[in-house]
Each structure stands twice: as structure tokens, then as C-alpha cells.
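Participant:
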Amino acid sequence: MTNAAEPREAAGEAGPDEYSDEVLAVVEAIPAGRVMSYGDIAEYVGRGGPRQVGTVMSTWGGGVPWWRVVRSDGRPASGHEVRALSHYAAEGTPMRPGSDRVDMRLARWDGHSRD
Numbered sequence: 374m375t376n377a378a379e380p381r382e383a384a385g386e387a388g389p390d391e392y393s394d395e396v397l398a399v400v401e402a403i404p405a406g407r408v409m410s411y412g413d414i415a416e417y418v419g420r421g422g423p424r425q426v427g428t429v430m431s432t433w434g435g436g437v438p439w440w441r442v443v444r445s446d447g448r449p450a451s452g453h454e455v456r457a458l459s460h461y462a463a464e465g466t467p468m469r470p471g472s473d474r475v476d477m478r479l480a481r482w483d484g485h486s487r488d
């Protein structure tokens, strides 16, 4: 993800709205080696859906650990797979054997535990 916040601020546009701030706070709280899906985050925040979370991430996600937000099947964000895989390796994120997908059964964070 690129840090879209800098160009927007430079252009005089407003920063993230309340919903975006809530989504970004959840992403910042995801522990290293763990992930949440776009839908998991929407459910945790209590509003919006996967697409709304995706919009927040594509607009403002460059300053948070964006690689910890994946599709429900464990695939990282399109166009960012190589960088995400590097982060997963560094953090010890559980991966599906022989795949470039995160093992959601092992890596999904519930938003509460700190492990």
C-alpha cells in the first residue's frame, strides 16, 4: 500500500473520517504474525462491510501494517503480494502449506487476545 495520506494532506484535503480512524486503529492493534480479513474488521468496528474497509485501506492504509489485512481466503491485497509475503516471513505468520495464502485458521486474530 502506498501512503496516500501524504498526497491528500499536501493537496489540502481532509484527513480520515471517524469510520476510517476506527478501521485504522483496529489494523494498528493486530499483533505481528496475526491477520484479520476485511470482513472481520468491519464486524469488529460494527458497521460497514469488507468493501468499505478496503476503501479505507486503499486510501489511508499506508501508515499502518496493511499486510495484516487479508481477503477471507487468506490472500493479501492485490498488487502487494510480494511485499506482504516478505512481511509474513519476517513476522512468522502461519501460511497454508505450498501456498502464498495465510492460514486463516491459525493466523486470524479475534480482536481481543494479544497473542
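The sequence shown stops at residue 488 when you use our numbering, and every number in between is there.
Cβ coordinates follow ideal geometry from the N, Cα and C atoms, glycine included.
For clarity, every value in this text was computed on a predicted model and none was experimentally measured.
1) State buried or exposed for S410, treating a residue as buried only when at least 16 other CB atoms are found within 10 Å of its CB.
2) Could you compute how far the alpha carbon of T432 sits from the alpha carbon of V426?
3) So, do the stretch 399–409 and the stretch 475–482 have three or more beta carbon pairs nearer to each other than 8 Å?
4) I believe M477 touches G436 by the beta-carbon criterion, under 8 Å. Please report the beta-carbon distance rounded to the nearest angstrom.
5) Could you give the DSSP three-state label for V437: helix, strand or coil?
6) Give the range of the alpha helix (DSSP H) segment to which H460 is assigned.
7) Could you pull out every residue in the same chain whose Cβ sits closer than 8 Å to the Cβ of Y392, ignoring the five residues on either side in sequence?
8) Give the C-beta separation of I403 and R456 to the nearest angstrom, bearing in mind that I take them to be a contact with Cβ-Cβ under 8 Å.
9) Please report how far the alpha carbon of E464 lies from the alpha carbon of R474, in whole angstroms.
Facilitator: So, from the listed chains and residues:
1) Along the sequence shown, read from residue 1 onward, the residue named residue 410 stands at position 37. Under this definition S410 is a buried residue.
2) Sequence index remark: in the sequence shown, residue 432 carries index 59 (1-based). Sequence index remark: in the sequence shown, residue 426 carries index 53 (1-based). When rounded, the distance between both Cα atoms is 10 Å.
3) yes
4) Along the sequence shown, one-based indexing puts residue 477 at 104. Along the sequence shown, one-based indexing puts residue 436 at 63. That pair is no contact at about 25 Å.
5) The count along the sequence shown starts at 1 and reaches residue 437 at position 64. V437 falls in the coil class under three-state DSSP.
6) Position 87 of the sequence shown, counting from 1, holds the residue named residue 460. Taken as a continuous stretch (DSSP letters only), the alpha helix (DSSP H) holding H460 covers 454–464.
7) The residue labelled residue 392 in the question sits at position 19 within the sequence shown. Around Y392: V418, R420, G421, Q425, V429.
8) Against the sequence shown, residue 403 aligns to sequence position 30. Against the sequence shown, residue 456 aligns to sequence position 83. In fact, because the Cβ distance is near 17 Å, the residues do not count as touching under 8 Å.
9) As a working note, residue 464 is residue 91 in the sequence shown. As a working note, residue 474 is residue 101 in the sequence shown. One C-alpha to the other measures close to 14 Å.
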